[in-house]
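A.B. asks: Residue 196 in the UniProt record's numbering is what sits at position 196 of the sequence shown, and the numbering runs on without skipping anything. Before anything else, here's the structure in question.
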Amino acid sequence: MQRYFVSSINNNGNIILSKDDIFHILKVLRMKVGDKFEINDDGIIYLAEISILDPFKFSIIKTIDENRELLVNVTLLYCYPKKEHLEIALQKATELGVNKIVLVNSNYVDIRITNDNINKKFIRFNKIIKEAGEQSKRTVLPTIYDKVIDYREINKFKSDLNLIAYENSTSSTKLLKNYLENSRYKDISILVGPEGGFTKSEVSYALENDFKEISLGKTILRSETSVIYLLSVINYECGAKI
Numbered sequence: 001m002q003r004y005f006v007s008s009i010n011n012n013g014n015i016i017l018s019k020d021d022i023f024h025i026l027k028v029l030r031m032k033v034g035d036k037f038e039i040n041d042d043g044i045i046y047l048a049e050i051s052i053l054d055p056f057k058f059s060i061i062k063t064i065d066e067n068r069e070l071l072v073n074v075t076l077l078y079c080y081p082k083k084e085h086l087e088i089a090l091q092k093a094t095e096l097g098v099n100k101i102v103l104v105n106s107n108y109v110d111i112r113i114t115n116d117n118i119n120k121k122f123i124r125f126n127k128i129i130k131e132a133g134e135q136s137k138r139t140v141l142p143t144i145y146d147k148v149i150d151y152r153e154i155n156k157f158k159s160d161l162n163l164i165a166y167e168n169s170t171s172s173t174k175l176l177k178n179y180l181e182n183s184r185y186k187d188i189s190i191l192v193g194p195e196g197g198f199t200k201s202e203v204s205y206a207l208e209n210d211f212k213e214i215s216l217g218k219t220i221l222r223s224e225t226s227v228i229y230l231l232s233v234i235n236y237e238c239g240a241k242i
């Protein structure tokens, strides 16, 4: 069943769907009177039923008691990749339960980031996150930090456990699951590099700031694949609040 995230409530306390959501209901899904859909209002899930098509109106039938979130809060520190890789990573990270996304400008980031172009990009990023959250039926939408931070600012987004995925890690470097087994971390921050990875000085800076180096295996993964891999392991090891 389709789910929609809402953020608008009128003066009468009624939930308001956006024009885009109403268009999706009527023109894309072609729902009719009596059809049902779900509404997520700040983590509270409602089952709704269409009562009138024009003007569009619906009624709330009941509250749905569920929580699909992970047992840990995950912050993804993601060094800004090329557009197509970033959009895939945002979508899949949302589906896999990330709570916060912070974009990072590192040495090998090959994107010219300016204040003039970044605002429009973040509007699109939030749209991708919202659509992925609806598709995957997240209880809480992840947030994306509203600017691209300098690499030296990663220490402002640390958690109980802080990890950096390094492609040149040694055979003695731990895998992610080794840190998660038999552990009860409430918050985890994971740092993923762009195409080209990290410089040695960037890795050293992360280690000096309480990040632990982890290996993603013997093969070299694309940046967006690394995001999927890491969050999949966290899903498996930490479970979800079901």
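Just so it is clear, CB atoms sit at the ideal spot from N, CA and C, and this is done for glycine as well. In this text, all values refer to a predicted model and were calculated from it rather than measured experimentally.
Within 10 angstroms of the Cβ of Ile154, are there 16 or more other Cβ atoms? Answer buried if so, exposed if not.
C.D. replies: Its Cβ being crowded by 16 or more others within 10 Å, Ile154 is buried.
A.B. asks: Mind listing, in chain order, the continuous alpha helix (DSSP H) runs of no fewer than 4 residues lying wholly within the region 71 to 130?
C.D. replies: Whole alpha helix (DSSP H) segments, 4+ residues: 83 to 95.
A.B. asks: If you drop the 5 nearest sequence neighbours on each side, which residues of the same chain put their C-beta closer than 7 Å to that of Phe125?
C.D. replies: Counting only Cβ-Cβ distances below 7 Å, and skipping sequence neighbours, we find Leu90 and Ile144.
A.B. asks: Would you check if the distance between the CB atom of Asp21 and the CB atom of Val33 is smaller than 9 Å?
C.D. replies: Against a cut-off of 9 Å, the Cβ pair of Val33 and Asp21 comes out as no contact.
A.B. asks: Report all residues from its chain with a CB closer than 6 Å to the CB of Leu29; omit the five preceding and five following residues, and keep chain order.
C.D. replies: Here the set comprises nothing.
A.B. asks: Pull the bridge partners of Thr63 from the DSSP assignment, please.
C.D. replies: Tyr46, per the DSSP bridge assignment.
A.B. asks: Since residue 251 and Cys79 should fall inside the 8 Å C-beta cutoff, what is the C-beta to C-beta distance between them, to a whole number of angstroms?
C.D. replies: Residue coverage of the chain in this structure runs from 1 to 242, which leaves residue 251 outside it and unanswerable.
A.B. asks: Counting only runs that start and end within the region 201 to 242, where is the beta strand (DSSP E) found for 3 or more residues in a row?
C.D. replies: The region 201 to 242 contains these whole beta strand (DSSP E) runs: 212 to 214.
A.B. asks: May I ask you to verify whether the region 57 to 73 touches the region 35 to 48, counting CB pairs closer than 8 Å and requiring at least 3?
C.D. replies: At 8 Å Cβ cutoff, the stretches touch.
A.B. asks: Just to confirm before moving on: does the CB-CB distance between Gly97 and Glu66 stay below 9 Å?
C.D. replies: Against a cut-off of 9 Å, the Cβ pair of Glu66 and Gly97 comes out as no contact.
A.B. asks: For Asp110 and Glu195, which I take to be in contact (beta-carbon distance under 8 Å), what is that distance rounded to the nearest angstrom?
C.D. replies: Confirmed, Cβ separation roughly 7 Å.
A.B. asks: On the criterion of 16 or more Cβ atoms from any shown chain inside 10 Å, does Glu224 qualify as buried, or is it exposed?
C.D. replies: By the neighbour-count rule (16 or more Cβ atoms within 10 Å), Glu224 is buried.
A.B. asks: When the Cα atoms are used, what is the spatial distance from Asp187 to Ser51?
C.D. replies: Asp187 and Ser51: Cα-Cα distance of roughly 43 Å.
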